[in-house]
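Novice: Mind looking over this structure? Questions follow.
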């Protein structure tokens, strides 16, 4: 990731206040989600409720570590969208900002 910092386009990418705010909020939400999962995850049991719906009740039971799959998918999606926003920033600032909004919304919805 160091090669992103040295390029001139990255200086403009990180100086854009909108992108900087959405980036920091998305990373903060992802880290808060990860911290929440680690604090609330039941380590002492073999099976955990992974999905619950109101009409049917418990739908899916499995290992408590499978709860982390959604968290890591969210983090991976965030990284991919940030890289795409960085690449597209020089060509289209509007598209880059749209991708950062998508990053923020997916992080917020998955929390």
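Numbering (the numbering used here), first residue to last: 317 to 427. C-beta atoms are modelled at their ideal positions from N, C-alpha and C, and glycine is treated no differently.
1. For residue 328 and residue 420, what's the separation of their Cα atoms in angstroms?
2. Leaving out five residues on either side along the sequence, give the residues of the same chain with a beta carbon under 7 Å from the beta carbon of residue 346.
3. Terminal residues of the continuous alpha helix (DSSP H) containing residue 418?
4. Using the rule of at least 16 other Cβ atoms within 10 Å of the residue's Cβ for burial, across every protein chain shown, is residue 352 buried or exposed?
5. My assumption, with CB atoms under 8 Å, is that residue 338 sits in contact with residue 417. Please give the rounded CB distance.
6. Can you list, in chain order, the residues of its chain whose CB lies under 6 Å from that of residue 401, leaving out five sequence neighbours each side?
7. Go ahead and pull the three-state DSSP assignment for residue 320.
8. Could you compute how far the alpha carbon of residue 378 sits from the alpha carbon of residue 362?
9. Taking 8 Å as the cut-off, decide whether the C-beta atoms of residue 342 and residue 427 are in contact.
10. Please return the same chain residues whose Cβ sits closer than 7 Å to the Cβ of residue 397, not counting the five positions on each side in sequence.
Specialist: Result, derived from the coordinates:
1. Near 20 Å, if we compare the C-alpha coordinates of residue 420 and residue 328.
2. Scanning its chain for C-beta atoms nearer than 7 Å, with the 5 sequence neighbours on each side dropped, one finds around residue 346 the residues 390, 391, 394 and 423, in chain order.
3. Here the alpha helix (DSSP H) through residue 418 covers 409 to 426.
4. Exposed, since its Cβ has fewer than 16 Cβ neighbours within 10 Å.
5. Contact holds; Cβ gap of about 7 Å.
6. Excluding sequence neighbours, residue 401 sits near 412, 415 and 416.
7. Because the pLDDT of residue 320 is 49, which lies under 50, any placement of that residue in the model is unreliable, and the question is left without a value.
8. Between the C-alpha atoms of residue 378 and residue 362 there is a straight-line separation of about 8 Å.
9. 8 Å or more divides the Cβ of residue 342 from the Cβ of residue 427.
10. Excluding sequence neighbours, residue 397 sits near 415, 418 and 419.
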